[in-house]
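Residue numbers (my numbering), protein chains in the order written: chain S, 1 to 427; chain Y, 428 to 854.
Structure first, commentary second.
Protein chains: 2
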Amino acid sequence: MKTIINPDKPDWVNVLKRPTQTVDDIEATVNQIFDDVARNGDQAISKYTEMFDGCTLNSIEVTTEETQKASALVSEELKKAIQLAKSNIESFHKAQKTERVFVETVKGVKCWQEKRAIQKVGLYIPGGTAPLFSTILMLVVPAQIAGCKEIVLCTPPNAKGNIANEILYTAQLCGVTKIIKVGGIQAIAGMTFGTETIPQVYKIFGPGNQFVTVAKQISTKFGVAIDMPAGPSELLVVADTSAHPAYVASDLLSQAEHGADSQVILVTDTLEFITNVQNEIEKQLEQLPRKDIAQNALKNSKAFMIESAEDALQLINSYAPEHLIIATRNDDFFVNNIQNAGSVFIGNFTPESAGDYASGTNHTLPTNGFSRAYSGVNLDSFTKAITFQKISEEGMLQIGKTIELMAEAEGLQAHKNAVTLRLNDLK
Amino acid sequence: MKTIINPDKPDWVNVLKRPTQTVDDIEATVNQIFDDVARNGDQAISKYTEMFDGCTLNSIEVTTEETQKASALVSEELKKAIQLAKSNIESFHKAQKTERVFVETVKGVKCWQEKRAIQKVGLYIPGGTAPLFSTILMLVVPAQIAGCKEIVLCTPPNAKGNIANEILYTAQLCGVTKIIKVGGIQAIAGMTFGTETIPQVYKIFGPGNQFVTVAKQISTKFGVAIDMPAGPSELLVVADTSAHPAYVASDLLSQAEHGADSQVILVTDTLEFITNVQNEIEKQLEQLPRKDIAQNALKNSKAFMIESAEDALQLINSYAPEHLIIATRNDDFFVNNIQNAGSVFIGNFTPESAGDYASGTNHTLPTNGFSRAYSGVNLDSFTKAITFQKISEEGMLQIGKTIELMAEAEGLQAHKNAVTLRLNDLK
Numbered sequence: 001m002k003t004i005i006n007p008d009k010p011d012w013v014n015v016l017k018r019p020t021q022t023v024d025d026i027e028a029t030v031n032q033i034f035d036d037v038a039r040n041g042d043q044a045i046s047k048y049t050e051m052f053d054g055c056t057l058n059s060i061e062v063t064t065e066e067t068q069k070a071s072a073l074v075s076e077e078l079k080k081a082i083q084l085a086k087s088n089i090e091s092f093h094k095a096q097k098t099e100r101v102f103v104e105t106v107k108g109v110k111c112w113q114e115k116r117a118i119q120k121v122g123l124y125i126p127g128g129t130a131p132l133f134s135t136i137l138m139l140v141v142p143a144q145i146a147g148c149k150e151i152v153l154c155t156p157p158n159a160k161g162n163i164a165n166e167i168l169y170t171a172q173l174c175g176v177t178k179i180i181k182v183g184g185i186q187a188i189a190g191m192t193f194g195t196e197t198i199p200q201v202y203k204i205f206g207p208g209n210q211f212v213t214v215a216k217q218i219s220t221k222f223g224v225a226i227d228m229p230a231g232p233s234e235l236l237v238v239a240d241t242s243a244h245p246a247y248v249a250s251d252l253l254s255q256a257e258h259g260a261d262s263q264v265i266l267v268t269d270t271l272e273f274i275t276n277v278q279n280e281i282e283k284q285l286e287q288l289p290r291k292d293i294a295q296n297a298l299k300n301s302k303a304f305m306i307e308s309a310e311d312a313l314q315l316i317n318s319y320a321p322e323h324l325i326i327a328t329r330n331d332d333f334f335v336n337n338i339q340n341a342g343s344v345f346i347g348n349f350t351p352e353s354a355g356d357y358a359s360g361t362n363h364t365l366p367t368n369g370f371s372r373a374y375s376g377v378n379l380d381s382f383t384k385a386i387t388f389q390k391i392s393e394e395g396m397l398q399i400g401k402t403i404e405l406m407a408e409a410e411g412l413q414a415h416k417n418a419v420t421l422r423l424n425d426l427k
Numbered sequence: 428m429k430t431i432i433n434p435d436k437p438d439w440v441n442v443l444k445r446p447t448q449t450v451d452d453i454e455a456t457v458n459q460i461f462d463d464v465a466r467n468g469d470q471a472i473s474k475y476t477e478m479f480d481g482c483t484l485n486s487i488e489v490t491t492e493e494t495q496k497a498s499a500l501v502s503e504e505l506k507k508a509i510q511l512a513k514s515n516i517e518s519f520h521k522a523q524k525t526e527r528v529f530v531e532t533v534k535g536v537k538c539w540q541e542k543r544a545i546q547k548v549g550l551y552i553p554g555g556t557a558p559l560f561s562t563i564l565m566l567v568v569p570a571q572i573a574g575c576k577e578i579v580l581c582t583p584p585n586a587k588g589n590i591a592n593e594i595l596y597t598a599q600l601c602g603v604t605k606i607i608k609v610g611g612i613q614a615i616a617g618m619t620f621g622t623e624t625i626p627q628v629y630k631i632f633g634p635g636n637q638f639v640t641v642a643k644q645i646s647t648k649f650g651v652a653i654d655m656p657a658g659p660s661e662l663l664v665v666a667d668t669s670a671h672p673a674y675v676a677s678d679l680l681s682q683a684e685h686g687a688d689s690q691v692i693l694v695t696d697t698l699e700f701i702t703n704v705q706n707e708i709e710k711q712l713e714q715l716p717r718k719d720i721a722q723n724a725l726k727n728s729k730a731f732m733i734e735s736a737e738d739a740l741q742l743i744n745s746y747a748p749e750h751l752i753i754a755t756r757n758d759d760f761f762v763n764n765i766q767n768a769g770s771v772f773i774g775n776f777t778p779e780s781a782g783d784y785a786s787g788t789n790h791t792l793p794t795n796g797f798s799r800a801y802s803g804v805n806l807d808s809f810t811k812a813i814t815f816q817k818i819s820e821e822g823m824l825q826i827g828k829t830i831e832l833m834a835e836a837e838g839l840q841a842h843k844n845a846v847t848l849r850l851n852d853l854k
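Structure below.
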């Protein structure tokens, strides 16, 4: 972690630069696999599963029997934990339901907005060393509340052709429609075009490595929506001496262990606090199984000493962190004035991992500064707002002239004519 | 307009295909201009304005004096029309405000969601034959209600270096922060990177030709959000003999006059109605100044005779129209069951042009089948939802164990440790 003291504002852009990666090499591979899957469907899917996951499958769709067997192998203790997390995520996302918005803007001109579920959604859950079953909760629970009809989950099999028990348990608990053993670029291509086994979907959600990330970007060229552009995960902690250095260190490390390209940032008002946190990091790091990953992430990371709270706030808003922990005497100042952040954790007993798993908020959040313009995944991510309008004869008499004048001024005579015809019949 | 009678469902994909355009050639030009603007700022902007708009400008920022002069030249009648439209759009978008969502998911675990404005937004308004001032209302009104701090408007100057009076009047009426005389790819590049004169923004809204569309797509690679992917405008009318063929024809034509690549579709249950509408189209077409454009668009267009209302509904949901007019005896059936549409117009006195200008709904809508997953522009398009959580000591005792178990099962020891440290202090 590099320490930076009261940086000048013109330097912020440079000191806040995120570690970047180029994706140009990957695009060619993605395009080639997309083309193959679009043409050859399941046959292409099998080919890439053999190539990348090293396994040959008779059937890529997970059976009910398989799910039942896997679920039986998950400990009761973990099942209860997953159920409590699910219940909290449900409460928080159910509360996000909005009623129909109805306004009669002018007498006889009734306008309303209704949210309707996206009918077919696809979720990608990475495989690899850790089974990220928590992400299933974060995506399937709101999809169910929204009323999505078809919820497809793709996740890569291991070399033996299996999916982690926790993933299968959580998927069936939440009510996924179909679980498919397919990962990487080929999974995203499959959900983009549809194959004999994989349903075509309208929107794709979920995290993944750089191949999956680029594949999701490319899928948008074919009319599929995605949850948000992805980048490495990140955490900014703003803390003063009212915070515990050991807690702050543990939070920074919990972000750093995600990947070598993760970034963690500490903003505080004394050098002493930075030193204390760094000492704690050294101590805690020794105990971590993912020590190497965390150490690499810490190389990208920075500790800022900034005396003025106003400047600290501005710097945080410039950076636009995915996760923001606020542990200061004047929490309210930061809470009330933060403009750009994905999810905010307030006080000494609110570690980021609470939101990652069980508080109820969603953990699929905008990285890479996207929180300036993007929301994290929420109930609305699984719906779209449709507007409706119904105009009576009286309503047309009220606004017809306005429409005629505006259409004419825009040079759109046929737009005007659609009103003129009706107005003539009403006169 | 091609007539298609009761098409088989497997053929729907083909008969509903939209006219497409390739953008590969354009991408190279866009990349080159983006690179130039990123490096050379205003100097590059001036160069492209000379090249594409044929004018040399001393200053690209519109002055207050210029706006005042232009406003004085707009007729009082048109001003009143614009003001009425503005007032309706305001009522409808103000009603879309949502309160903070607050849930205590477990005792001591407080979670909430708040919408905060996107601080800097950029709007693109095309130049060309018709000054699309109505789009300014559709974008600036919700941006103001959301509380966006900086609202930048870019629009190309004509060969004399001027902007249409109506555009300047509407921009100042709505409270645009800065109006810049710049169009095309260079405008989008300017708002993406920022130049000496053009502010960098977080999200870009607004319509444009295929160059602007591709430029907006490319801007997302540089971390800028966009309102939605764009495509040619389209309208689907579902009507039966309770509708007036003349009205239906006028609505189809008002869409067809937008551009030669527009698409209009009629779905009805008798051949006779199709014939009546087609006769009306022939008649009305003769009177239109944009007859050639409309005629070309009609070549891409189709009239479906489908006997079953259930099948008609399914076809409409498959197509996912941007604009949907429902003028049938059983309007409610379609209104209640439509899943994919941008904006819906109900009954004989609700032409699409009402929503284009003055009913109060937004006219920036998902084309190209994107209404399966995207909303039209609405108040939320100018905000992002941030989640907050605050956990008390009691709350940590309630959910700590759950977090530990889940983090451990995902192999994320540092995530677990952030909780264990806190739990140990509480024991």
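All residues carry an ideal CB built from backbone N, CA and C; glycine is no exception.
Do we get a CB-CB distance below 7 Å when we pair residue i with the residues of chain S?
| i | result |
| --- | --- |
| L680 of chain Y | yes |
| S869 of chain Y | Residue numbering for chain Y in the displayed model covers 428 to 854; residue 869 of chain Y lies beyond these limits and cannot be assessed. |
| A557 of chain Y | yes |
| R466 of chain Y | no |
| K811 of chain Y | yes |
| P569 of chain Y | no |
| Q690 of chain Y | no |
Would you list the residues sitting across from residue i in a DSSP beta bridge?
| i | result |
| --- | --- |
| I163 of chain S | BP columns for I163 of chain S are empty, so no partner. |
| W112 of chain S | S:F102, S:F388 |
| K2 of chain S | S:K302 |
| I830 of chain Y | DSSP, once it has assigned bridges, lists no residue as partnering I830 of chain Y. |
| E234 of chain S | S:Q263 |
| E577 of chain Y | Y:K547 |
| H323 of chain S | S:L235, S:S343 |
| A81 of chain S | For A81 of chain S, which the question treats as bridged, DSSP gives no partner whatsoever. |
| E61 of chain S | S:I180 |
With distances taken Cα to Cα, identify the nearest neighbour of residue i among the options.
| i | options | result |
| --- | --- | --- |
| A70 of chain S | S:K181, S:A164, S:V267 | S:A164 |
| E493 of chain Y | Y:L595, Y:V609, Y:A683 | Y:L595 |
| F34 of chain S | S:K9, S:I188, S:D261 | S:I188 |
| Q389 of chain S | Y:T647, Y:K506, Y:I516 | Y:I516 |
| T619 of chain Y | Y:A642, Y:V533, Y:A499 | Y:A642 |
| S669 of chain Y | Y:T788, Y:E821, Y:G554, Y:V704 | Y:V704 |
| N340 of chain S | S:K401, S:S359, S:N368 | S:N368 |
| L740 of chain Y | Y:N636, Y:Q825, Y:V694, Y:R756 | Y:V694 |
| F304 of chain S | S:V101, S:E257, S:D240 | S:D240 |
| P871 of chain Y | S:E410, S:A159, S:G161, S:E272 | Nothing about residue 871 of chain Y can be reported from this structure: the residues present for chain Y run from 428 to 854 only. |
| A246 of chain S | S:K283, S:P229, S:E272, S:Q263 | S:K283 |
| V475 of chain S | S:Y48, S:K17, S:L252, S:Q83 | As shown, chain S starts at 1 and ends at 427. That puts residue 475 of chain S outside it, with no answer to give. |
| L879 of chain Y | Y:T597, Y:K474, Y:E835 | Outside the shown range of chain Y, which is 428 to 854, sits residue 879 of chain Y, and nothing can be said about it. |
Please tell me whether residue i has its Cβ less than 7 Å away from any Cβ of chain Y.
| i | result |
| --- | --- |
| Y202 of chain S | yes |
| I226 of chain S | no |
| N417 of chain S | yes |
| E257 of chain S | yes |
| A327 of chain S | no |
| S134 of chain S | yes |
- Ordered list of alpha helix (DSSP H) runs contained in the region 688-723 of chain Y, each at least 4 residues: 698-712
- Every unbroken beta strand (DSSP E) within the region 337-383 of chain S, with a cutoff of 3 residues, ordered by chain: With a minimum length of 3 residues, the continuous beta strand (DSSP E) runs that stay inside the region 337-383 of chain S are 343-346.
- Considering only residues of the region 153-214 of chain S, which uninterrupted beta strand (DSSP E) runs meet the minimum length of 3 residues and lie entirely inside it, listed in chain order? 178-181, 203-205
- Give, in chain order, every residue of the region 349-374 of chain S whose Cβ lies closer than 9 Å to some Cβ of chain Y. Per Cβ criterion, the list reads F349, T350, P351, E352, S353, A354, G355, D356, Y357, A358, S359, G360, T361, N362, L365, P366, N368, G369, F370, S371, R372, A373, Y374.
- Query: Between the region 815-835 of chain Y and chain S, which residues of the former have CB atoms less than 8 Å from a CB of the latter, in chain order?
  - Reply: F815, Q816, K817, I818, S819, E820, G822, M823, I826, K828, T829, I830, L832, M833, A834
- With 8 Å as the limit, tell me which residues of the region 90-112 of chain S have their beta carbon closer than that to any beta carbon of chain Y; keep them in chain order. Correct list: S91, F92, A95, Q96, T98, V101, F102, V103, T105, V106, V109, C111.
- Query: Name the residues in the region 662-677 of chain Y whose C-beta lies less than 7 Å from a C-beta of chain S; which are they?
  - Reply: A673, Y674, S677
- Query: the region 159-173 of chain S: which residues have C-beta closer than 7 Å to a C-beta of chain Y, in chain order?
  - Reply: E166
- Query: For the region 635-647 of chain Y, which residues have a beta carbon sitting closer than 9 Å to at least one beta carbon of chain S?
  - Reply: Q644, T647
- Message: Can you pull out the residues from the region 286-299 of chain S whose beta carbon lies closer than 8 Å to at least one beta carbon of chain Y?
- Response: Q287, L288, P289, R290, A294
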